[in-house]
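See below for the structure under consideration.
Residue numbers (UniProt numbering): 1 to 83.
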C-alpha cells in the first residue's frame, strides 16, 4: 500500500513527536528524498521528532513565512516549519 495523506511517516517513535504526511504529494516527495539522500532524511526526521519547533539552528529549521507560516489541519491552525 502506498503512503498517503494522514499516514505515519515511519514507525512511531519511542519518545518524542509522531510525524505524519500533510498531503499525498508530501508522502511521495518523502519517499523520493529517502531514495536519494537517506542520511539527510534520517537526520531531518530525528530532529523533527525530538523538537519540531527548535530554534537552535535557525538556518536549518525554522517556521515558514507569509501565507505558508500556518495551515489549518482538522480545524486547528498549526505552524508550518521546514528543516
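Quick reminder that beta carbons are idealized off the backbone N, C-alpha and C, glycines included.
Practice problem: Determine whether the Cβ of residue 40 lies closer than 7 Å to any Cβ atom of chain B. | Solution: Of the protein chains in the structure, only one exists, and it is not chain B.
Quiz item: By a C-beta neighbour count over all protein chains shown, 10 Å radius and 16 as the cutoff for buried, is residue 119 buried or exposed?
Solution: Coverage of the chain is limited to positions 1 through 83, which leaves residue 119 absent and any answer about it impossible.
Quiz item: What does a CB cutoff of less than 8 Å around residue 22 pick up in its chain, not counting 5 residues either side in sequence?
Solution: The answer, listed in chain order, is 5, 71, 73.
Quiz item: Just to confirm, are residue 101 and residue 83 a CB contact at a threshold of 7 Å?
Solution: Shown here, the chain extends from 1 to 83; a query on residue 101 therefore has no answer.
Quiz item: Which word fits residue 27, buried or exposed, when buried means at least 16 other C-beta atoms lie within 10 angstroms of its C-beta?
Solution: buried
Quiz prompt | Simplified DSSP assignment, three categories, for residue 78 | solution = strand
Quiz item: Taking the alpha helix (DSSP H) that residue 24 falls in, what are its first and last residues?
Solution: 24 to 36
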